[in-house]
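Undergrad: Okay, here's the structure, questions in a sec.
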Amino acid sequence: MSLLLDYVERFNSGVGSGDWDAMLELLAPDAELEFVGIPVGPFVGLDAIGEAYRDRPPDDELVLLEQLGDGKATYAWAADPARPAGELHLEQRDGAIVRIRVLYEQFSGQAGFAAKQTAARASRCLR
Numbered sequence: 002m003s004l005l006l007d008y009v010e011r012f013n014s015g016v017g018s019g020d021w022d023a024m025l026e027l028l029a030p031d032a033e034l035e036f037v038g039i040p041v042g043p044f045v046g047l048d049a050i051g052e053a054y055r056d057r058p059p060d061d062e063l064v065l066l067e068q069l070g071d072g073k074a075t076y077a078w079a080a081d082p083a084r085p086a087g088e089l090h091l092e093q094r095d096g097a098i099v100r101i102r103v104l105y106e107q108f109s110g111q112a113g114f115a116a117k118q119t120a121a122r123a124s125r126c127l128r
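All letters in the sequence shown, in the order written, are residues 2 to 128 by our numbering.
Next up, the structure:
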């Protein structure tokens, strides 16, 4: 299993249980968590990241829509799995995640174009 898939599986488990320890085990001690598109963070280090998830836990699971390579993927929320919500970027060193960058409602490159088109189609269907 790739580190990206393992991270998402453990993230989703944490959403259901409130226990983020398994997800945090994948991170390097000096890992960084950055959100783009929402005013929260960044968080640096395992303690800060763990505290952020415990204090303001996500309330929905991630669904990977398309893996873009190099630890990157477009994602949706399980509550609305057909609507792209952004991108997840993981950077790793020596098998551990050193940086998590979460793009909310933002997309990069060609994948961004495809995700925006999918989102536009989904919103037309909801009207």
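Here a beta-carbon is modelled for each residue, glycine too, at the ideal position from N, C-alpha and C.
Computed from a predicted structure; not experimentally measured.
#1: Would you kindly check if the distance between the Cβ of LEU89 and the Cβ of ALA74 is under 8 Å?
#2: Specify the secondary structure class of ARG100 as computed by DSSP and reduced to three states.
#3: Nearest CA to the CA of ALA29: which residue from GLU67, ARG94, ARG102 and GLN107?
#4: Taking the Cβ atom as the reference point for each residue, do ALA53 and GLY70 lie within a distance shorter than 8 Å?
#5: Would you call GLU26 buried or exposed, if buried means 16 or more other Cβ atoms sit within 10 Å of its Cβ?
#6: Would you list the residues sitting across from TYR105 in a DSSP beta bridge?
#7: Closest by CA to ALA80, which one among GLU92, GLN68, SER14 and VAL64?
#8: Quick one: give me the first and last residue of the beta strand (DSSP E) that GLU33 is part of.
#9: So which of TRP21, GLU106, LEU91 and LEU104 has the shortest CA-CA distance to GLU33?
#10: Pick helix, strand or coil for ALA79, following the three-state DSSP scheme.
#11: Use the C-beta contact count for MET2: other C-beta atoms within 10 angstroms, 16 or more gives buried, fewer gives exposed.
TA: Taking the structure as given:
#1: Taking 8 Å as the cut-off, the beta carbon of ALA74 is found closer than this to the beta carbon of LEU89.
#2: Strand, per DSSP.
#3: That would be ARG94, whose Cα lies nearest to the Cα of ALA29.
#4: No.
#5: Exposed.
#6: According to DSSP, TYR105 bridges with GLY87.
#7: Of the candidates GLU92, GLN68, SER14 and VAL64, the one whose C-alpha sits nearest the C-alpha of ALA80 is VAL64.
#8: Counting along the chain, the beta strand (DSSP E) containing GLU33 begins and ends at 28 to 37.
#9: Ranking the options by Cα distance to GLU33, first place goes to LEU91.
#10: For ALA79, the three-state secondary structure derived from DSSP is coil.
#11: Result: exposed.
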